[in-house]
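Novice: Residue numbers (numbering that gives the first Met the number 0), protein chains in the order written: chain A, 0 to 621; chain B, 0 to 341.
Don't be surprised by glycine CBs; every beta carbon is placed ideally from N, CA and C.
This structure is a prediction, so every number in the text was calculated from the model and none was measured.
Have a look at this one before I ask anything.
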Amino acid sequence: MNILISYSWLKDYVKTSASPEEIARLLSLHAFSVEKIISQGKDDIFEIEITPNRGDALSVLGIARELKAILPMQGKSADWLAKFPAKAAKGEDKYNLAVEIKDKSLVPRFSAVVLDNIKIKPSPETIQRRLEAVGTRALNNVIDITNYLMFDKGQPMHAFDYDKILGAKMIMRESRQGEKLTTLDGVERTLPAGVIVIEDGEGRLIDLCGIMGAKNSEVDENTKRVLLFVQVYDPVRIRKSSMALGHRTEAALRFEKGVDFEGVVPALWEAVSFLQQEAGACVASKLIDIVNVKIEPKKVAVDYGRINQVAGVEIKKEIVDKILQNLGFVFNGTSVIVPSWRQGDIEIAEDLAEEVIRLYGYDNLPNNLLTGEVPRQIVEPIFQTENKARLYLKHQGFFECYTKSAVSQALAGEGAVKIANPLNEDFVYLKTSLIPSLVGVLEKNQGYNEKIKIFELASVYLQKKNDLPEQPLRLSLASRGLDYLEFKGIVEGLMRELGVACDFAIQELGDQVLGVELDFEAIAKGAGQVKAYVPISTFNSIKEDLTLVVPPGVAYEKINQVIANADKRVKKLEFKDIYKNFLTLAIEYHDSAKQVSSEQAQEIRKNIFEQLDKKLGVKLKT
Amino acid sequence: MELKDILSQFKDDLKKIDSLDALELMRFKYVGKKSLIAEALEEIAKLSIEEKKALGKKINEAKQEIKEKINELQAGLSGAKSESAQDLFYKTLPGKKPAAGHLHIISQAIEEIVDIFKPLGFTRVRHPEIDWEHFAFEALNIPSTHPARDEWETFFIDALPDKKYGRQVITPHTSNGQVHEMLRGQLPIRMLGISRCGRRQEDINHLQTFFQFEGLAVDKGINITHLKGTLDYFAKNFFGPGRETRLRPYDFRFTEPSFEVDINCGLCLGKGCKFCKEGWVELGGAGMVHPNVLRAGKIDPNIYTGFAFGFGVERTYMMKSGTKIDDIRHLLNNDLRFLEQF
Chain A
0 MNILISYSWL KDYVKTSASP EEIARLLSLH AFSVEKIISQ GKDDIFEIEI
50 TPNRGDALSV LGIARELKAI LPMQGKSADW LAKFPAKAAK GEDKYNLAVE
100 IKDKSLVPRF SAVVLDNIKI KPSPETIQRR LEAVGTRALN NVIDITNYLM
150 FDKGQPMHAF DYDKILGAKM IMRESRQGEK LTTLDGVERT LPAGVIVIED
200 GEGRLIDLCG IMGAKNSEVD ENTKRVLLFV QVYDPVRIRK SSMALGHRTE
250 AALRFEKGVD FEGVVPALWE AVSFLQQEAG ACVASKLIDI VNVKIEPKKV
300 AVDYGRINQV AGVEIKKEIV DKILQNLGFV FNGTSVIVPS WRQGDIEIAE
350 DLAEEVIRLY GYDNLPNNLL TGEVPRQIVE PIFQTENKAR LYLKHQGFFE
400 CYTKSAVSQA LAGEGAVKIA NPLNEDFVYL KTSLIPSLVG VLEKNQGYNE
450 KIKIFELASV YLQKKNDLPE QPLRLSLASR GLDYLEFKGI VEGLMRELGV
500 ACDFAIQELG DQVLGVELDF EAIAKGAGQV KAYVPISTFN SIKEDLTLVV
550 PPGVAYEKIN QVIANADKRV KKLEFKDIYK NFLTLAIEYH DSAKQVSSEQ
600 AQEIRKNIFE QLDKKLGVKL KT
Chain B
0 MELKDILSQF KDDLKKIDSL DALELMRFKY VGKKSLIAEA LEEIAKLSIE
50 EKKALGKKIN EAKQEIKEKI NELQAGLSGA KSESAQDLFY KTLPGKKPAA
100 GHLHIISQAI EEIVDIFKPL GFTRVRHPEI DWEHFAFEAL NIPSTHPARD
150 EWETFFIDAL PDKKYGRQVI TPHTSNGQVH EMLRGQLPIR MLGISRCGRR
200 QEDINHLQTF FQFEGLAVDK GINITHLKGT LDYFAKNFFG PGRETRLRPY
250 DFRFTEPSFE VDINCGLCLG KGCKFCKEGW VELGGAGMVH PNVLRAGKID
300 PNIYTGFAFG FGVERTYMMK SGTKIDDIRH LLNNDLRFLE QF
């Protein structure tokens, strides 16, 4: 997710000589991509893309922590302006809150405190200006301070009007399917089951936890008492609920990435301190701090060898140590203790290697090519056959097309595999044939030319019971305006080019449209065989044309067979022409042992005619 | 007349000739029976034997030269005569076009990519487009709570899930091939997987069907410098010598460390312009293979390491300087007026 961070706000934490441009460049190279710098009056606002694993960086504090580690490595000053954490404020224990948590896993940490004597008014100008710079509207001092601290520390927090929590009781639980609640933005939302909610003593839902507060418990201009509410929620539930409701708030986006478990109470006291100053607040209850999950500090061994192995260069131990310390890791023997804000993200030696090397600088590493053993795998010949087929068709004037893997219901083949969650109706059923899409392409391009030739080489998807669909590669050709034999000749030519003989069926698809779909895997299996040399004969062939009268019901293939089998000296036989039922063939007689004489040719011819007449009733045209 | 005068006069005369008839007269004048050359030959009869020999040779050479020049001009003049104005125009016409087909830009891009990685020992492979959730996510160290697993981006197939491998998906990236490749059990690996993928997205930058190319190298001693070198080699060969790449830290579950690979903008070459981010544009993701992914592929991460990268074929091709394709959807529209341009 992208966040907005103000340069001047960062300076609350880090004093540096680095310019906004330098900060942007160095953050991009060593931590997070700065997408742009927005100039805003005297300030500069960075728009930064934070990767999902780095919830800890979704705040000014988080980015400042990174800069504290990055800048010194790049020769820039970075003095940490350590602010002392706000102290726990004392007060009377006048107000109670009964808390019932139905399932501890909902809320690993629950903290709250009641504040009395609240005076609602606009917040000070600095706070208003900073909120507006990062795109949040200022409302009043209480709400602005909770928002401000979320942007500052990355800890979302909520303020309830204490008097609107009826019965001074909270029951935190998962929602039941169909429960309703109106959120602060005035939208009534119907909840699915499993959303974290709070019910008050009168059975009303008063919070859509971690996402947005409810209207019925909001702080308004009459509010006198506030319940300041700072939590760590189960990230998975927050994410699921927020997605299901289609309501992605700044709070939800932070909670779902995990917030710093140890940051909860300090953030609460920081807010209290602000509210004391800006709203006249007095602490009026005990601090409620319920820890439902025990989190042990995480230790990871520092493996210097591994770090150098991953980097491919030697990074000195002192540099490794310094980088880790600057990032907040604390050395404990040969291990480091992971800072509380990185608990979810650092697990193994490779994670530490990444931290060290990114700060060392990827641009400081050399560019090398792989060395070592020759890989054993050799390329499958099908790819070469694909290229050959493509080139052949291109030179026959074909346009290569790529169509989508799936089609609409109207174009779906029988038994087509269906997509469970289509985006739109054009992409629902996986293709069982390439032809319908290619016919669509021909239709769309009707005006282009009288003759159009196109092809596609792609998988189709065929349903298989209890298994992935079969995904065989097909080569399909389609044309408009081509004569049948012209089209057939191209397919035959392709087979010759690839050195295979495969059966195929040309489909007549109406209005001068022809198509053929070939099993490309079968073709590739047969293709590419080494061609054996046949010695070139020193004797000449005798070539002649024969015109035959073909009676109805005879296929060309039969004639071909009969002639070829009539005499072994028939070397070549090719279709030359057809007029009505007069078929002209070009024929060659040849004998590799001796020259065929004209007498012998006559003899062969006679034999052919006899056989044709006897077997097929085909006669010589006289 | 002296021989050299004859030759110089001949040259002057020749320039004035503009017809075959005039040329015939020239022939008589210089090399005929009563020509200037014949006269010159007669003259030498008076000379001594040595002189005869020397001068005779020269005269004969001059005669030969004159004859050649005349023949040359004759050929030129007669050619001009037989070729009519119409014929001359005919030859200026464009040649008859052989059937001109076109390979799709995606095929051209794939071929270029394959050719660049081939000399580095990367072998082209293809993995299933419809695959198990396991290979697309789980084996890649992406647990079910990760954003990429959400229905919002991945297409699921309407079929019963498998007990071991989960649901069927249209693979949203070619990284599903990583563990398939490892499970073949042949090390070292240098794979270039190019396949179709699918995602629930469609706009000027996204297609529901698109191609990715995935590089995977697994061997002993592979480190980041190898990834950097390989990507730089690719970028320089694919985009041109003026282009540079850089690695930026990123987060992918299946690599550690993870990077995004940027290339300096083809328009401003890194100075920064409105089409890029501070001089850089994003090519795709890369990283060192996560130990859990190696384990899923039955490879011991204590012995082997590897790198992987995955880029969109169409997107990468569009970043080439000069293609000027402003909307990725043109690629699957199959408008022949578009296809004929490549």
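1. I'd like the list of long-range same chain contacts for A/I69, defined as Cβ closer than 6 Å, with 5 residues on each side in sequence excluded.
2. Interface residues of chain D around A/I377 at Cβ under 9 Å?
3. Give me the residue from B/A44, B/D325, B/K32, B/E1 with the minimum Cα distance to B/D202.
4. Of the residues A/K593, A/V548, A/L390, A/A158, which one's Cα is nearest the Cα of A/D612?
5. Indicate whether at least one CB of chain B lies closer than 8 Å to the CB of A/Y359.
6. With distance defined between alpha-carbon atoms, name the residue in A/L493, A/A270, A/A500 nearest to A/G627.
7. Starting from A/I318, follow the alpha helix (DSSP H) in both directions and report where the run begins and ends.
8. Helix or strand or just coil, what does DSSP make of A/R108?
9. Have a look at A/Q657 and B/V292 and give me their C-alpha separation to the nearest angstrom.
10. Taking only beta-carbon positions, decide if A/Y303 is within less than 8 Å of chain B.
11. Taking just the CA atoms, how far does B/N301 sit from A/E346?
12. Using a beta-carbon distance below 8 Å, is B/I129 in contact with chain A?
13. Buried or exposed for B/P93, going by 16 or more other Cβ atoms inside 10 Å?
14. Jot down the residue ranges of each uninterrupted beta strand (DSSP E) in the segment 225-266 of chain B, minimum 3 residues, whole runs only, in chain order.
15. Going by CA-CA distance only, name the one from B/E137, B/M0, B/Y164 that's closest to A/D466.
16. For B/D4, name the three-state secondary structure that DSSP assigns.
17. With DSSP run on the structure shown, which of helix, strand or coil describes A/R129?
18. Given A/A158, which residues of its chain have a CB within under 6 Å of its CB, disregarding the five upstream and five downstream residues?
19. Taking the alpha-carbon of A/G446 as reference, which of B/F341, B/R336, B/Q340 has the nearest alpha-carbon?
20. Return the residues of the segment 389-420 of chain A that lie within a Cβ-Cβ distance of less than 8 Å from chain B, sorted by chain order.
21. Please classify B/F392 as buried or exposed, where buried requires at least 16 other C-beta atoms within 10 Å of its C-beta.
22. Report back the beta-carbon spacing between B/L22 and B/L87 to the nearest angstrom; my notes put them in contact at under 8 Å.
23. Entirely within the segment 237-282 of chain A and at least 3 residues each: give me those beta strand (DSSP E) ranges in chain order.
24. Name the residue from A/D92, A/F581, A/V290, A/F83 whose alpha carbon lies nearest to the alpha carbon of A/P265.
25. State yes or no: is the beta carbon of B/G184 nearer than 8 Å to at least one beta carbon in chain A?
26. Output needed for B/K276: all residues of its chain with C-beta closer than 7 Å, excluding positions within five of it in sequence on either side, in chain order.
27. Is there a C-beta anywhere in chain B that falls below 8 Å from the one on A/I356?
28. Starting from B/W343 and walking both ways along the beta strand (DSSP E), at which residues does that stretch end?
29. Work out the CA separation of A/N420 and A/L60 for me, nearest whole Å.
30. For A/T182, list the residues DSSP reports as bridge partners.
31. Would you decide whether A/V373 is buried or exposed? Buried here means 16 or more other CB atoms lie within 10 Å of its CB.
32. When you compare only the Cα positions, how much space is there between A/Y428 and B/I156?
33. Please classify B/F310 as buried or exposed, where buried requires at least 16 other C-beta atoms within 10 Å of its C-beta.
34. Give the C-beta separation of A/I586 and A/E543 to the nearest angstrom, bearing in mind that I take them to be a contact with Cβ-Cβ under 8 Å.
35. Just to make sure I have the definition right: I need the residues of chain A whose C-beta is within less than 8 Å of the C-beta of B/D157. Which are they?
36. For B/L330, I'd like the list of residues in its chain whose CB is within less than 6 Å of its CB, leaving aside the five on either flank, ordered along the chain.
Specialist: Working from what's here:
1. On the first sequence, position 70 is the one that residue 69 of chain A refers to. Excluding positions up to five away in sequence, the list reads L25, H29.
2. Of the chains in the structure shown, none is chain D; the protein chains are A and B.
3. Residue mapping note: residue 202 of chain B aligns to position 203 of the second sequence, counting from 1. B/D202 has its Cα closest to that of B/D325, out of B/A44, B/D325, B/K32, B/E1.
4. Taking the first residue of the first sequence as position 1, residue 612 of chain A is located at position 613. Nearest option by C-alpha distance: A/V548.
5. In the first sequence, the residue the question calls residue 359 of chain A occupies position 360. False, the Cβ-Cβ gap to chain B never drops below 8 Å.
6. No answer is possible for residue 627 of chain A: it lies beyond the span of chain A, which begins at 0 and ends at 621.
7. Here residue 318 of chain A refers to the residue found at position 319 of the first sequence. Here the alpha helix (DSSP H) through A/I318 covers 316-325.
8. As a working note, residue 108 of chain A is residue 109 in the first sequence. Correct three-state label for A/R108: strand.
9. For residue 657 of chain A there is no data in the structure shown, the boundaries of chain A being 0 and 621.
10. Within the first sequence, numbered from 1, the residue matching residue 303 of chain A stands at position 304. Taking Cβ atoms only, chain B never reaches closer than 8 Å to A/Y303, which makes this a no.
11. Start at 1 with the first residue of the first sequence, and residue 346 of chain A comes out as number 347. Start at 1 with the first residue of the second sequence, and residue 301 of chain B comes out as number 302. The straight-line gap from Cα to Cα measures roughly 16 Å.
12. Your numbering for residue 129 of chain B matches position 130 in the second sequence. Answer yes: the Cβ-Cβ gap between B/I129 and chain A drops below 8 Å somewhere.
13. Start at 1 with the first residue of the second sequence, and residue 93 of chain B comes out as number 94. Classification for B/P93: exposed.
14. 244-249, 254-263
15. In the first sequence, the residue the question calls residue 466 of chain A occupies position 467. Here the closest residue by C-alpha is B/Y164.
16. Against the second sequence, residue 4 of chain B aligns to sequence position 5. Here B/D4 sits in helix by DSSP.
17. For this step, residue 129 of chain A is matched to residue 130 along the first sequence. DSSP places A/R129 in helix when its eight states are reduced to three.
18. Residue numbering aside, residue 158 of chain A sits at position 159 when the first sequence is read from its first letter. Excluding sequence neighbours, A/A158 sits near V141, T145, V218, V225, L227.
19. Taking the first sequence and counting its residues from 1, one reaches residue 446 of chain A at position 447. Among B/F341, B/R336, B/Q340, the Cα nearest to that of A/G446 is on B/R336.
20. R389, L390, L392, K393, H394, Q395, G396, F397, F398, E399, C400, Y401, T402, K403, S404, A405, V416, K417, I418, A419, N420
21. Given a span of 0 to 341 for chain B in the structure shown, any question on residue 392 of chain B remains unanswerable.
22. Within the second sequence, numbered from 1, the residue matching residue 22 of chain B stands at position 23. Within the second sequence, numbered from 1, the residue matching residue 87 of chain B stands at position 88. Going by Cβ atoms, the distance from B/L22 to B/L87 rounds to 22 Å, so no, they are not a contact pair.
23. none
24. If you number the first sequence from 1, residue 265 of chain A lands on position 266. Comparing Cα-Cα distances from A/P265 to each of A/D92, A/F581, A/V290, A/F83, the minimum goes to A/F83.
25. Residue mapping note: residue 184 of chain B aligns to position 185 of the second sequence, counting from 1. For B/G184, the answer is no, since every Cβ of chain A falls outside 8 Å of its Cβ.
26. Translated into the one-based positions of the second sequence, residue 276 of chain B becomes position 277. Nothing listed; no residue qualifies.
27. Your numbering for residue 356 of chain A matches position 357 in the first sequence. Yes, contact with chain B.
28. No answer is possible for residue 343 of chain B: it lies beyond the span of chain B, which begins at 0 and ends at 341.
29. Taking the first sequence and counting its residues from 1, the one referred to as residue 60 of chain A is at position 61. Taking the first sequence and counting its residues from 1, the one referred to as residue 420 of chain A is at position 421. Roughly 40 Å separates the two Cα atoms.
30. Position 183 of the first sequence, counted from the first residue, corresponds to residue 182 of chain A. Its beta-bridge partners are A/A213.
31. Here residue 373 of chain A corresponds to residue number 374 of the first sequence, with the count starting at 1. So A/V373 counts as exposed.
32. Numbered from 1 along the first sequence, position 429 holds the residue referred to as residue 428 of chain A. Numbered from 1 along the second sequence, position 157 holds the residue referred to as residue 156 of chain B. Their Cα atoms are separated by approximately 10 Å.
33. Here residue 310 of chain B refers to the residue found at position 311 of the second sequence. By the neighbour-count rule (16 or more Cβ atoms within 10 Å), B/F310 is buried.
34. Translated into positions along the first sequence, residue 586 of chain A becomes position 587. Translated into positions along the first sequence, residue 543 of chain A becomes position 544. Confirmed, Cβ separation roughly 6 Å.
35. In the second sequence, residue 157 of chain B corresponds to position 158, counting from 1. Ordered by position in chain A, the residues that pass the 8 Å Cβ test against B/D157 are V416, K417, I418, A419.
36. Locating residue 330 of chain B in the second sequence gives position 331, counting from the first residue. Excluding sequence neighbours, B/L330 sits near E313.
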